[in-house]
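Here is the structure we will look at.
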């Protein structure tokens, strides 16, 4: 066995081999497309086990779909802007670009060493001008559509990272999602994207998507019930002319706008705290804890009447209702909101709790916002033909001061694109979530402006999107919004970007923390024999982290076990959406090692049987042996059915491995004459190797090479037509589909074989149903009626149920 493990680790060291096969597989334009996408990483410089898990899953699905005959897109890129790179550069005195590119090179080498097969010819890097030019282009299109705007507002301020945060980036405890610092409130002039205009379409579109492991409910909850809308009102003070100040007021009863009596604002509203000319008048009326009538009035654009602005202590206000002559309330609702949209004063259905997306960031390492501020023209979008607005070089970042771009004077001072007069560039950069809101489009065509519609329409929507559940609200919401916008702009045909979502859980390591101080300790520094061990330490499982001393270096793990063993462990230890508690003493790693060894043994067994000099002849098998061969044939077809379903429907890749282990058990029990003379054994073993290939490509390639050298093969699939990755995915034999849809389940009592019971195939994996059918059968009534059953265990690998009973 030790020789096998050494051999296994050696054969996995095949960098570039499967990438070559991969490129060959994607040439034909006649194949049906399949777009598998894994969330692209931030280039920190080192892969962690979470990366290995998500990319192993995507790589496995990509291999499977290629073997099914699909043209597969499985791209990779880098979410390369952001605070971590900027902070690291400040600490090291480096240019963030130099730091980031070095990390990308390092991580790409690590990905290659894992044998992962990505479309590297479609690689994107968000910090390069050829990418962020088109991020700026999309911003300009949003601006031209009235969906990007700047306003003064009370915003979430992270005092550690010295930048503002969107509402989605503040956790339920009021802390920053990245730094963990308590968020402060600041009044700043910031850029927003009007995602609220798309709230109702985004909410409604969820109904047409398949279940997303609870993410759909999270999206719906974040958006809220879209029963009302905002209307814009122009404000003035007493008899003074209208100031041009616009107040967007929300109402849950849009149809009552004609009868609106007043508008209510909270004491925390920007008008009471900013530079608005209305501030003194509002403050004169302010009395905390009371509803206060102010001197400020708002123009109702539908009636032309002015209504007062009230300062309210309440968190929510419902207006006074009125009726419409000749219209039902429903008709009025529709006509009023439509009229508001036509006049560009609101009317888009949204919820009372949803807020627009704040995208301004007061940092250097991000996409520059393509706007200049002109004393005569106001804010002006940079013309598309002048993009990209290049990020200037900052000689040395000395600290975390606000808006470092302000120090780049030659870059800041410019000419207005409209009047050619003196102007200044916007010095805020975009939130990195803007970069990742459209990268799935860029992969379809990384060389055009910003992507060719025909190519985007060919590949979109993404067939399977794989990533962490922590992105359920922010990234997925932003990405869905931008996809809806691109559809309305005529850039693409599909509104929703992702068809199926596969969320993956964490890989957790065991942590040891001093109960009194909270300090994390290294496992090797702990005396587990001490009498006070249990009282002094808190032992638990947490997300892997260097600071918690529970992390693993993927390269060290691969060096110890081999690439395919690590892949199989990750896929077998738990379903993708569940967390994995990394412990090599559990059944997972020993189990997958044993299975690989048994696969190797099966190929060796067949090769040795055919080298004995006796010519294989299926016709000489006796009745018992033909029956055994028939069971192998049934088990093979059953395995193909279930494994294919797991790869296409529920993505329970751990169950797929269990089913293949079951087929391995069946083949391992085959008698020598069946091994030598039956075509069923040979076909089943070939199918087993092919179905193993997406998950363990290096091992399967070696096994296939061994099978291809079997003397006197009985089936055409073993005639040496290429590597295992170039084989078609096995299909169920037509005869199997025509046979009665039943299966013989072996019955054991306390591990002793007692007979078998016929059950419908569709319930053969349902432990409770199989138990009921066995209990109701003549065999079950005879052997189990009067016995106390402690447990009934249905094998996930073979058609077998074991009843544990009291003796």
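Residue numbers (full-length UniProt numbering): 1 to 807. Cβ atoms here follow ideal geometry from the backbone N, Cα and C, with glycine treated the same way.
**Prompt:** What is the rounded straight-line gap between the Cα of residue 769 and the Cα of residue 804?
**Reply:** 17 Å
**Request:** Measure the C-alpha to C-alpha separation of residue 641 and residue 732 and round it to an integer number of angstroms.
**Result:** 7 Å
**Asked** How should residue 668 be labelled, buried or exposed, when 16 other C-beta atoms within 10 angstroms of its C-beta is the threshold for buried?
**Response** exposed
**The alpha helix (DSSP H) enclosing residue 359, as first and last residue numbers** = That residue, residue 359, is in no alpha helix (DSSP H); it is neither H nor E in DSSP.
**Prompt:** Does the count of Cβ pairs from the region 643 to 653 and the region 564 to 580 closer than 8 Å reach three?
**Reply:** yes
**Asked** Does the beta-carbon of residue 508 have 16 or more other beta-carbons within 10 angstroms, so that it is buried, or is it exposed?
**Response** buried
**Message:** By alpha-carbon positions, which one of 45, 428, 710, 371 ends up nearest to residue 162?
**Reply:** 428
**Item:** Nearest-angstrom Cα separation, counted from residue 599 out to residue 662
**Value:** 12 Å
**Message:** Could you check whether the region 404 to 421 touches the region 116 to 132, counting it as contact only if at least three pairs of C-beta atoms, one from each stretch, sit closer than 8 Å?
**Reply:** no
**Request:** Alpha carbon to alpha carbon, how far is residue 491 from residue 199? Give it in angstroms, no decimals.
**Result:** 20 Å
**Message:** With H, G and I counted as helix, E and B as strand and the rest as coil, what does DSSP make of residue 552?
**Reply:** coil
**Request:** Return helix, strand or coil for residue 373, following the three-state DSSP convention.
**Result:** strand
**Classification of residue 193 by the beta-carbon crowding that lies within 10 angstroms, buried from 16 upward** = buried
**Request:** Rounded to whole angstroms, what's the CA-CA distance from residue 605 to residue 666? Just pull it up for me.
**Result:** 14 Å
**Asked** Given a threshold of 16 other Cβ atoms within 10 Å of its Cβ, counted over all protein chains shown, does residue 350 qualify as buried or as exposed?
**Response** buried
**Proximity to residue 734 [Cα-Cα], best of 464, 151, 633, 767** = 633
**Message:** Strictly by DSSP, which residues pair up with residue 441?
**Reply:** None, per the DSSP bridge assignment.
**Message:** So the candidates are 730, 712, 728, 773; which of them puts its Cα closest to the Cα of residue 742?
**Reply:** 773
**Sufficient close CB pairs (3 or more, under 8 Å) joining the region 353 to 361 to the region 258 to 265** = no
**Message:** Would residue 724 and residue 686 be called neighbours here (beta carbons separated by less than 7 Å)?
**Reply:** no
**Asked** How big is the Cα-Cα spacing for residue 332 and residue 130?
**Response** 48 Å
**Asked** Mapping DSSP to helix, strand and coil, what is residue 490?
**Response** coil
**Prompt:** Straight-line CA distance for residue 712 to residue 672?
**Reply:** 16 Å
**Request:** Return the Cβ separation of residue 503 and residue 213 in integer angstroms, given the expectation that the two are a contact with Cβ distance under 8 Å.
**Result:** 5 Å
**Asked** Ends of the alpha helix (DSSP H) at residue 632?
**Response** 623 to 645
**Asked** For residue 352, which residues from the same chain have a beta carbon less than 8 Å from its beta carbon, with the 5 sequence-adjacent residues on both sides left out?
**Response** 224, 228, 250, 252, 316
**Prompt:** Distance, Cα to Cα, residue 79 vs residue 434?
**Reply:** 11 Å
**Message:** In the DSSP assignment, the beta strand (DSSP E) including residue 463 goes from what residue to what residue?
**Reply:** 462 to 468
**Request:** Report the residue from 284, 796, 558, 65 whose alpha carbon sits nearest the alpha carbon of residue 48.
**Result:** 558
**Prompt:** What alpha helix (DSSP H) runs, 4 residues minimum, are completely inside the region 181 to 236?
**Reply:** 199 to 205, 215 to 223
**Request:** Please determine, among 132, 276, 267, the residue with the shortest C-alpha to C-alpha distance to residue 808.
**Result:** The requested residue 808 is not part of the displayed model; the chain covers only 1 to 807.
**Asked** So, is residue 688 buried or exposed, given that buried needs 16 or more other C-beta atoms within 10 angstroms?
**Response** buried
**Item:** Whole runs of the alpha helix (DSSP H) within the region 729 to 776, excluding any shorter than 4 residues
**Value:** 734 to 738, 767 to 776
**Prompt:** residue 364 by DSSP, collapsed to three states: which one?
**Reply:** coil
**Request:** Label residue 74 either buried or exposed according to how many other C-beta atoms from any shown protein chain fall within 10 Å of its C-beta, with 16 as the threshold for buried.
**Result:** buried
**Item:** Closest Cα partner of residue 613 within the set 483, 103, 677, 171
**Value:** 677
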